[in-house]
Every structure is written in C-alpha cells, then in structure tokens.
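Undergrad:
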Amino acid sequence: MKIRLYILIVLSSFFSSCESYLDGVEESIVTDEDIFSNFSNFRAYLDYGYKGLFNYHLYKQNTAISTVSDQFQCPSNTAWQDYAQYVNTGNYDNSAGAFEVGWAKGNGYGEASTFYNAMTALRVANRVIIEAEISTVLTEGQRKDLQGQAYFLRAFYHFELIKRYGGMHYIDRVYEVDEDLDFERLSYEETTQRIIQDCEAAIDLLPDSRSGITYSRASATMAQFLKGMALLYDASPTMNISNGYGNQYHEEKCRVAAIEIANTIAKAEKAGFTLVDGKTFEEYAEIFYSRNNVASSECIFPYIQNGFIGYGSTLKQLYIPRSFGLSNNRYTLATHNLVRSFETINGLDINDDPEYDPQNPYKNRDPRLEYSVLHHGQQHGIDVKGNPRILDFSYDEGGVSEKNGVDITGAGPDLVTGYYMRKFWPETANPWQQDGSYFMNWNYMRLTQAYLDYAEAVNEAYGPMGTAEGSSLTAVDAINKVRERVGMPPVHTMYTQDKTTFRKRIWNERSVELNGEFQRWWDMRRWHIAHLSENRQIKGMKVTRNNETGAEHYEVIDVVGTTRVFEEKHYWYPWPRDVIFMSEKFKQNPGW
1 MKIRLYILIV LSSFFSSCES YLDGVEESIV TDEDIFSNFS NFRAYLDYGY KGLFNYHLYK
61 QNTAISTVSD QFQCPSNTAW QDYAQYVNTG NYDNSAGAFE VGWAKGNGYG EASTFYNAMT
121 ALRVANRVII EAEISTVLTE GQRKDLQGQA YFLRAFYHFE LIKRYGGMHY IDRVYEVDED
181 LDFERLSYEE TTQRIIQDCE AAIDLLPDSR SGITYSRASA TMAQFLKGMA LLYDASPTMN
241 ISNGYGNQYH EEKCRVAAIE IANTIAKAEK AGFTLVDGKT FEEYAEIFYS RNNVASSECI
301 FPYIQNGFIG YGSTLKQLYI PRSFGLSNNR YTLATHNLVR SFETINGLDI NDDPEYDPQN
361 PYKNRDPRLE YSVLHHGQQH GIDVKGNPRI LDFSYDEGGV SEKNGVDITG AGPDLVTGYY
421 MRKFWPETAN PWQQDGSYFM NWNYMRLTQA YLDYAEAVNE AYGPMGTAEG SSLTAVDAIN
481 KVRERVGMPP VHTMYTQDKT TFRKRIWNER SVELNGEFQR WWDMRRWHIA HLSENRQIKG
541 MKVTRNNETG AEHYEVIDVV GTTRVFEEKH YWYPWPRDVI FMSEKFKQNP GW
C-alpha cells in the first residue's frame, strides 16, 4: 500500500519551495541550484534547521514548560491552548495544537509543536548532508562544518522525538511524495544506535567549541554530550521496558554511557567550559540570565534569542504573579513537591535531620531553595512605594479574608501552593521597575547536567564509589562537584552505602539542581515513576497566622484540583491518529 505517512508528508509538503525558508537569503534566490551555489547561501539554508529549536521561555505557549511536572503548577486552567492542561489531565491525543504533545503547525515553524518542528528541521539536515557531499563550491573545511552540524541536528531532533514517542523509522534522507512511506518502527535502542552514529560523525567533523558569528551552532562537545545522554536514556527503566529487558536499569548500557559521559566532561573542560560559582544568588542566577553574558561558562548548548528578554510578554506572562499588580497573566507556582527535595545545610533530607523544624521550614536549607523558590516571609524586589517586597502567603486564623496576606488576596481565585518561582524571575522585573534588560537564553545542555548524568550511569554500573573506565571520578565525586559550587557539604555517608540508596540521592540532586529546566518531566518518565501517587498529587504549604499575636502555623496540604493524570500509556505520547489510520506497518503506542 502506498501512503503518504503524515510525519513524512510534513517534510515533503513544506519544502516544495525554498524561498519562504531562507532567513537571510535574498528573495530572488528561489531555485535549488542557486541555494547551494555558494557557502553563504548553503549556511543560510542549514541555519533554518536551528529554527526548530524551541525557546521554552516563550509566552505564546501560555505557561512555563516546567508546569508539566510535579515541581511547578500553573495557577489557572482557562486557556484552551494551554498545553499544560492537556498533559496534566492525560489528554494527549486530543491536542494537535499543543506544542508539547501536539503535532500541528500551531503558530508556525519555531513556535509549532515539537513534532512539527523536528520533522521540518530533519528535511533541512538531510538535504544539507546530501548537497554538501556532492558540492563543488565548498572548501573541505566548509563541507565538514556544514555536514557536521547537519549530522548533529539529525541526531538531536530524532532524540527529541524518541524520548516522547519511542522508537521510530530513522529519517536519514529526503523522501519523495510518491514513495511508499509505510515503514515499520525501529525499537528505542535501534533508533538510539542510529543517533549515536550521527553523533560520532558530527564529533569527527566539528570543532569542540565556537565563538563569534557561529556561537551556539553545533560543536563536537554538543554532539558528545548528546551521545552520552542518549545512551543514558536508552539504559533507563522505561526504555528498558520498551526494549524488552524489564523495569530496571540496563547495567551494561550504563557502563557504556558512563564512558561516553566521562568523555563529555573531559571534552567540555578542555574546550573551556566551567561550572559557575554559585555561592550567592547573584552568582548562581548568571547561569540563567545575565545583563552581560549571552550564556554562562557552563552552557554547552544555548538557545540564542535576539537581545534581552524584556519585561513585557514572557516575564509578565510566565513568571510574575498577579499579586504584584498584574492581571490576565499565567505565572508559575512552585510546589511543595519541589521544596521538600531541598536538603538541610547539614546535607540531610528534611525527614532525616533532627534539627529540621517544620514550623520554621526554610531555615538552614540548601541555598538553591532560596535561589529557585519564593516562599512566605522571603524578600523579592520592591513594592509600589519602593520598599522591599516581603511575600505574605498567610491566611487569617479567624477566617477573615480581608486579613489574609497580600499574596493570597492578590492572587484572586488562583490555585495557591504557597510558593512562586524565582529561578527565572529577576528581581528588577516588576510592575514598578519594569526592567527586563537581561539575556535569558534556554540551556539545552550545561556542564552541570553532565556531572549528574555521569553519577547516575556510574552508580548503576558500578555503585556509588565506582568510576567509569578510564576515569578517576566516582559517582559520589560527581555529585559533590555540583553541591560544592553552591556551598553544600558532600553527600552524607548514610546515603552512599549502596547503589539503591544512592540512586535516590542522585534523583533528588537532579530534582534540586535542574528544577524548572524541563528535565524533571523526562526523568520521571524514563525512571518509570511518573504514575506513582506521590508524584501525581501536588502539595502546597498553607500558612495560618493569628493576626493579633503574629503567631504562624505551617501545614503541608494537598492542593485541590491539581492531581496529575498519568497512566501506563502516558509514558509514550500517541502518534497522530491519521498517521496510524493510513498505516499498516507503523504501529501506535500501547494504550492509545
């Protein structure tokens, strides 16, 4: 049966002409011959492949991407196009326009669904690989650079697809519209091996780092990072289930992943990437936004947008709450699910530290709690009179709503968790200063994650004190590097006695360090823990105050109306139904 499989029709139909796709190329250039006639035009065509990268600081998607995990919550559920509502209610297969689980064009390439963006960009990458190979106008150095970038992009977009949809046919050439496109799916590990091959090709062709006009374009370090990360994903429990190995890590695959991630760290450090010193909030914030630096010293793969983030739109929509005097914005609430993961300064889980006081819950905690989350009694920015703004999430003990704290009364009918997000919200970005003069570029890859990836792979292969072949860094050492730079003590010895115990601390460290960075969603899914009740019920903190005496009481609560819907089938997104209806060989994911 000859069909035009939807995922490949996207590629064919949207590239029948070049002229609408070449940013920076003159309008008169319309033929393939002209496009590939010189290096500048060649590069402009390849650059279009990067447009499929998603800027997750994008207000047009209504809510922050982190709200699809248990770490953050959108305070409203009124926007029909809000992808978080589809994901959190488990309604994946009725959401073509939702960029995370959808497949439609949406706002256009670059602001469309991940599916659409990836499919469009793959056409660009494959075309460049083919045309560069036969080109007579490129120097050898230009050919290597263009092909190397294209191999990386092909690997990257396939990885973006398979971590959502599972194994798939590997799109490694440009398909014609009259071809039979009803392909059988590769397994997850088979698709991963194709990704690894492309990463290796990119590593051989590309420089380790870039600067100047090509900064943020693919490098060998990015390709090496992707190689190690893809191998770790393939070794993880959910992927192991789909590969037929059972619900646990694959130890041999973890050994291979550990070696490659060790190579990532070595390559990154040799190329000049270093961890940012995070002993203060101002230092740590430089990882995520800066007045002076487009990206931090630890950012290996940044998404670069033009200029400063600006106060309007993104900051107002995603991060600044209504209690600061705004309206109709869809800001981001942190959850107690996240807050409880921050250890005490003694290096202990709050449930293990006898010094932890649940009635003074934010005292003597990991400094990253203050860096990432805004809680009751914390100062952030200024008020309308220019005075320091102290957050007040308190409810009046007597039930008099007029005596509730300003961040309760100012939030209106919103769901209240008792926390705001701080990580991506500069203090000067408020309705009175309206200062958004910061570079705020998304970190697709940063060196810190490589250390966390390494610890995870090594622990599963060799245990807490093991090392990858050829490396002297233990799994514990890798975690301690991440902790040391923010002033946290080494991992407590009570957590390093065995693989299983240390695994929980690695998972916790990832939750703390990578919070809000769209990592928790993938971690919960690949670890096969997203369906567990403790990760579906959203927790908050309720502060009750006696407004006569000033005495306050803290209580952890279940936030009504926020429980996530996540069943076994949700570990993989559904392929579009019209793809499956037209296909005989290409099978839908289980449960859809």
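Note that the working numbering gives residue 492 to position 492 of the sequence shown, counting from 1, and the numbers run on in steps of one. Glycine included, C-beta positions come from ideal geometry on N, C-alpha and C. Just so you know, these numbers come straight off a predicted model, no measurement behind them.
Rounding to the nearest angstrom, what Cα-Cα distance links Ile309 and Asn88 in this structure?
TA: Taking the sequence shown and counting its residues from 1, one reaches residue 309 at position 309. Taking the sequence shown and counting its residues from 1, one reaches residue 88 at position 88. Answer to the nearest angstrom: the Cα atoms are 28 Å apart.
Undergrad: Please classify Ser211: is it buried, with 16 or more other beta-carbons within 10 angstroms of its beta-carbon, or exposed?
TA: The residue given as residue 211 occupies position 211 in the sequence shown. Exposed, since its Cβ has fewer than 16 Cβ neighbours within 10 Å.
Undergrad: Can you find at least 3 beta carbon pairs, one from the segment 69 to 76 and one from the segment 323 to 336, that sit closer than 8 Å?
TA: In short, these stretches touch, since the Cβ pair count reaches three.
Undergrad: Examine the Cβ distances between the segment 49 to 68 and the segment 311 to 318 and report whether three or more of them are shorter than 8 Å.
TA: Touching, yes.
Undergrad: Report yes if the C-beta distance between Gln305 and Asn55 is below 7 Å; otherwise report no.
TA: One-based indexing of the sequence shown puts residue 305 at position 305. One-based indexing of the sequence shown puts residue 55 at position 55. Cβ atoms of Gln305 and Asn55: closer than 7 Å.
Undergrad: Grab me the residues of Glu456's own chain with a C-beta within less than 6 Å of its C-beta, minus the 5 sequence neighbours each way, in chain order.
TA: In the sequence shown, residue 456 corresponds to position 456, counting from 1. The answer, listed in chain order, is Ile506.
Undergrad: Just to confirm my understanding: we take Gln142, look at its own chain, exclude 5 residues before and 5 after, and list those with CB closer than 6 Å. What are they?
TA: Within the sequence shown, numbered from 1, the residue matching residue 142 stands at position 142. Counting only Cβ-Cβ distances below 6 Å, and skipping sequence neighbours, we find Phe39.
Undergrad: For Tyr289 versus Met440, is the C-beta spacing smaller than 7 Å?
TA: As a position in the sequence shown, residue 289 is number 289, starting the count at 1. As a position in the sequence shown, residue 440 is number 440, starting the count at 1. Their beta carbons are under 7 Å apart, which means Tyr289 touches Met440 by this criterion.
Undergrad: So, is Asp523 buried or exposed, given that buried needs 16 or more other C-beta atoms within 10 angstroms?
TA: Locating residue 523 in the sequence shown gives position 523, counting from the first residue. Looking at its Cβ environment, which holds 16 or more other Cβ atoms inside 10 Å, Asp523 is buried.
Undergrad: Do you know offhand how far Leu514's Cα is from Trp521's?
TA: To locate residue 514, count along the sequence shown from 1; it is residue 514. To locate residue 521, count along the sequence shown from 1; it is residue 521. Cα to Cα, Leu514 sits roughly 11 Å from Trp521.
Undergrad: Output the distance between the C-alpha atoms of Ser341 and Glu33, rounded to the nearest integer angstrom.
TA: Residue 341 sits at position 341 when you count from the first residue of the sequence shown. Residue 33 sits at position 33 when you count from the first residue of the sequence shown. Near 57 Å, if we compare the C-alpha coordinates of Glu33 and Ser341.
Undergrad: Can you tell me where the alpha helix (DSSP H) holding Cys199 begins and where it ends?
TA: Locating residue 199 in the sequence shown gives position 199, counting from the first residue. Its alpha helix (DSSP H) spans residues Tyr188 to Leu205.
Undergrad: Should Glu298 and Phe281 be called a contact, given that it needs their Cβ atoms to be closer than 7 Å?
TA: In the sequence shown, the residue the question calls residue 298 occupies position 298. In the sequence shown, the residue the question calls residue 281 occupies position 281. Cβ distance not < 7 Å, so Glu298 and Phe281 don't count as in contact.
Undergrad: For Leu8, does the count of other Cβ atoms within 10 angstroms reach 16, so buried, or fall short, so exposed?
TA: The residue given as residue 8 occupies position 8 in the sequence shown. A caution first: Leu8 carries a pLDDT of 40, below 50, which makes its placement in the model unreliable, though a value can still be read off. Buried is the call here.
Undergrad: Quick check on the burial criterion: 16 or more other C-beta atoms within 10 angstroms. Buried or exposed for Gln147?
TA: Residue numbering aside, residue 147 sits at position 147 when the sequence shown is read from its first letter. The residue is buried, with at least 16 neighbouring Cβ atoms inside 10 Å.
Undergrad: So the candidates are Gln497, Leu532, Val406 and Asn329; which of them puts its Cα closest to the Cα of Glu567?
TA: Within the sequence shown, residue 567 is the residue found at index 567, counting from 1. Nearest of Gln497, Leu532, Val406 and Asn329 to Glu567, Cα basis: Leu532.
Undergrad: Can you check which of these residues, Gly102, His375 and Tyr165, is closest to Gly591 by C-alpha distance?
TA: Taking the first residue of the sequence shown as 1, we reach residue 591 at position 591. Among Gly102, His375 and Tyr165, the Cα nearest to that of Gly591 is on Tyr165.
Undergrad: Can you list, in chain order, the residues of its chain whose CB lies under 8 Å from that of Ala411, leaving out five sequence neighbours each side?
TA: To locate residue 411, count along the sequence shown from 1; it is residue 411. So the qualifying residues of the chain are Pro75, Pro321, Arg322 and Ser323.
Undergrad: Can you tell me where the beta strand (DSSP E) holding Arg374 begins and where it ends?
TA: As a position in the sequence shown, residue 374 is number 374, starting the count at 1. One detail in the question is off: residue 374 reads as Leu in this sequence, not Arg. Where Leu374 is concerned, the enclosing beta strand (DSSP E) stretches over Val373 to His375.
Undergrad: Looking at the structure shown, is Tyr420 part of a helix, part of a strand, or coil, going by DSSP?
TA: Residue 420 sits at position 420 when you count from the first residue of the sequence shown. Three-state DSSP puts Tyr420 in a strand.
Undergrad: Whose C-alpha, out of Lys539, Arg422 and His380, is nearest the C-alpha of Leu415?
TA: As a first step, residue 415 must be located in the sequence shown, where it is residue number 415. When only C-alpha atoms are compared, the closest one is Lys539.
Undergrad: If you measure between the beta carbons of Tyr45 and Ile35, is that distance less than 7 Å?
TA: Residue numbering aside, residue 45 sits at position 45 when the sequence shown is read from its first letter. Residue numbering aside, residue 35 sits at position 35 when the sequence shown is read from its first letter. Against a cut-off of 7 Å, the Cβ pair of Ile35 and Tyr45 comes out as a contact.
Undergrad: Give the list of continuous alpha helix (DSSP H) stretches no shorter than 4 residues that lie fully inside the segment 471 to 534.
TA: You should have 475 to 484, 499 to 513 and 520 to 526.
Undergrad: Would the segment 547 to 559 and the segment 353 to 364 be scored as touching if the rule is three or more Cβ pairs under 8 Å?
TA: Yes, the segment 547 to 559 is in contact with the segment 353 to 364.
Undergrad: Near Trp80, which residues of its chain fall below 8 Å by C-beta distance, leaving aside the five closest residues on each side in sequence?
TA: Position 80 of the sequence shown, counted from the first residue, corresponds to residue 80. Residue placement at Trp80 is flagged as unreliable, the pLDDT there being 47, under the threshold of 50; the coordinate-derived value follows with that caveat. Correct list: empty, nothing qualifies.
Undergrad: Please return the same chain residues whose Cβ sits closer than 6 Å to the Cβ of Ile259, not counting the five positions on each side in sequence.
TA: Within the sequence shown, the letter at position 259 stands for residue 259. The residues are Ala468 and Glu469.
Undergrad: Exposed or buried, which one is Lys423 when buried takes at least 16 other CB atoms within 10 Å?
TA: Position 423 of the sequence shown, counting from 1, holds the residue named residue 423. Label assigned to Lys423: buried.
Undergrad: Taking just the CA atoms, how far does Met445 sit from Phe301?
TA: Position 301 of the sequence shown, counted from the start, is the residue given in the question as residue 301. Position 445 of the sequence shown, counted from the start, is the residue given in the question as residue 445. Approximately 5 Å between the Cα atoms of the pair.
Undergrad: For chain B, is any of its Cβ atoms less than 7 Å away from the one on Asp477?
TA: This model lacks chain B altogether, as it is built from one protein chain only.
Undergrad: Secondary structure at Val177, three-state DSSP: helix, strand or coil?
TA: As a working mapping, residue 177 is identified with position 177 in the sequence shown. Three-state DSSP puts Val177 in coil, outside helix and strand.
Undergrad: Go ahead and pull the three-state DSSP assignment for Ile300.
TA: The residue labelled residue 300 in the question sits at position 300 within the sequence shown. Correct three-state label for Ile300: strand.
Undergrad: Measuring CA to CA, which of Asp208, Ile213 and Lys585 is closest to Thr221?
TA: The residue given as residue 221 occupies position 221 in the sequence shown. It is Asp208.
Undergrad: Distance check for Thr496 and Arg525, CA to CA, integer angstroms please.
TA: Along the sequence shown, one-based indexing puts residue 525 at 525. Along the sequence shown, one-based indexing puts residue 496 at 496. Arg525 and Thr496: Cα-Cα distance of roughly 25 Å.
Undergrad: Return the chain-ordered list of same chain residues with a C-beta closer than 6 Å to the C-beta of Val565, the five sequence neighbours on each side being excluded.
TA: Within the sequence shown, residue 565 is the residue found at index 565, counting from 1. Answer for Val565: Thr89 and Gly90, listed in chain order.
Undergrad: Would you call the segment 157 to 173 in contact with the segment 224 to 244, where contact means no fewer than 3 C-beta pairs closer than 8 Å?
TA: As far as the Cβ criterion goes, the segment 157 to 173 touches the segment 224 to 244, which means the pair count is three or higher.
Undergrad: DSSP puts Asn443 in a beta bridge; with which residues?
TA: Counting from one through the sequence shown, the residue named residue 443 turns up at place 443. According to DSSP, Asn443 bridges with Pro302.
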